[in-house]
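Beneath this line is the structure, given in structure tokens, with notes to follow.
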Amino acid sequence: MSEPVTPGSQLPHCNSATGSSDSVPIVNIANILTVLRIALVPVFLVVLFVDDGHDTAWRIGATIVFAVAAITDRIDGQLARKYGLVTDFGKMADPIADKALIGAALVGLSILGDLPWWVTIVIAVREIGITLVRFAVIRHGVIPAGRGGKVKTLVQSFAIGMYLFPLPDEVRFASVGLMGLAVFLTVYTGLDYLVQAVRLRRGVLSS
Numbered sequence: 001m002s003e004p005v006t007p008g009s010q011l012p013h014c015n016s017a018t019g020s021s022d023s024v025p026i027v028n029i030a031n032i033l034t035v036l037r038i039a040l041v042p043v044f045l046v047v048l049f050v051d052d053g054h055d056t057a058w059r060i061g062a063t064i065v066f067a068v069a070a071i072t073d074r075i076d077g078q079l080a081r082k083y084g085l086v087t088d089f090g091k092m093a094d095p096i097a098d099k100a101l102i103g104a105a106l107v108g109l110s111i112l113g114d115l116p117w118w119v120t121i122v123i124a125v126r127e128i129g130i131t132l133v134r135f136a137v138i139r140h141g142v143i144p145a146g147r148g149g150k151v152k153t154l155v156q157s158f159a160i161g162m163y164l165f166p167l168p169d170e171v172r173f174a175s176v177g178l179m180g181l182a183v184f185l186t187v188y189t190g191l192d193y194l195v196q197a198v199r200l201r202r203g204v205l206s207s
């Protein structure tokens, strides 16, 4: 985990072509992809609810929009790390974009009756709670998305994708099992973030 940067400071990065070090601009390809993911959330919801949300063609369309948005999460993180485009904005906006996309999908599926509300509530409480914790300790530094959080988001995305796609009833058990794993990882990583927040507040969060 990289050393947290206090708000208002600038993260230097090394230009891979010149070897020079200069401040990272907020407007970069990684952050643009993060903002694009946020912008795709309302598009996804519109497509999901067309024709009462159970038309096969539109459900496939909703799955595709969701998949495109989810893929940007992998791409923006890789670009930020590879080309030194990590910014405080990206550290905060990336997990928020993830939560907006995942939350919209879960709520939408629950409204349509495809996913139990308790699953949506458990995940939503964790995600909202961790977001509030991030803002509560921001004066001490930024808690970047860790590997566990990324795995959790990846599992959530696959589980949601399976619920979105019109699969035959005979294989629905796979969707249920994957969503169960997603719920477990959601709770587990939430506790880990709380521990990091406490350490950060005490000034002992290390790289």
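Take the sequence shown: its letter number 42 is residue 42 in our numbering, and every next letter is one higher.
Beta carbons: idealized from backbone N, C-alpha and C, even for Gly.
- In the DSSP assignment, residue 90 falls within the unbroken alpha helix (DSSP H) covering 88–111.
- Each of 163, 70 and 198 was checked against the Cα of residue 94, and the nearest Cα belongs to 70.
- Exposed is the label assigned to residue 82, since fewer than 16 other Cβ atoms lie within 10 Å of its Cβ.
- The residue among 119, 185, 139 and 153 with its C-alpha nearest the C-alpha of residue 97 is 153.
- Rounded to whole angstroms, the Cβ separation of residue 66 and residue 130 is 22 Å, and the two are not in contact under 8 Å.
- Within the same chain, and ignoring the five residues on either side of residue 137 in sequence, the residues whose Cβ sits closer than 8 Å to its Cβ are 143, 197, 200 and 201.
- For residue 133, the closest C-alpha among the options 155, 168, 192 and 35 is that of 192.
- One Cα belongs to residue 45, the other to residue 112, and the distance between them is close to 12 Å.
- Using a Cβ distance threshold of 7 Å, residue 168 and residue 56 do not count as a contacting pair.
- Under the 10 Å beta carbon count, residue 139 is surrounded by fewer than 16 other beta carbons and is classified as exposed.
- For residue 181, same chain residues with a beta-carbon under 8 Å away, outside a window of 5 residues either side, are 155 and 159 in chain order.
- Restricting attention to beta strand (DSSP E) runs no shorter than 3 residues, the region 15–92 encloses them at 21–23, ordered along the chain.
- The criterion of a C-beta distance shorter than 7 Å is satisfied by residue 72 and residue 36.
- Cα atoms of residue 53 and residue 99: separation of roughly 22 Å, rounded to the nearest angstrom.
- Counting only runs of 4+ residues, the alpha helix (DSSP H) found wholly inside the region 130–177 occupies 147–164, in chain order.
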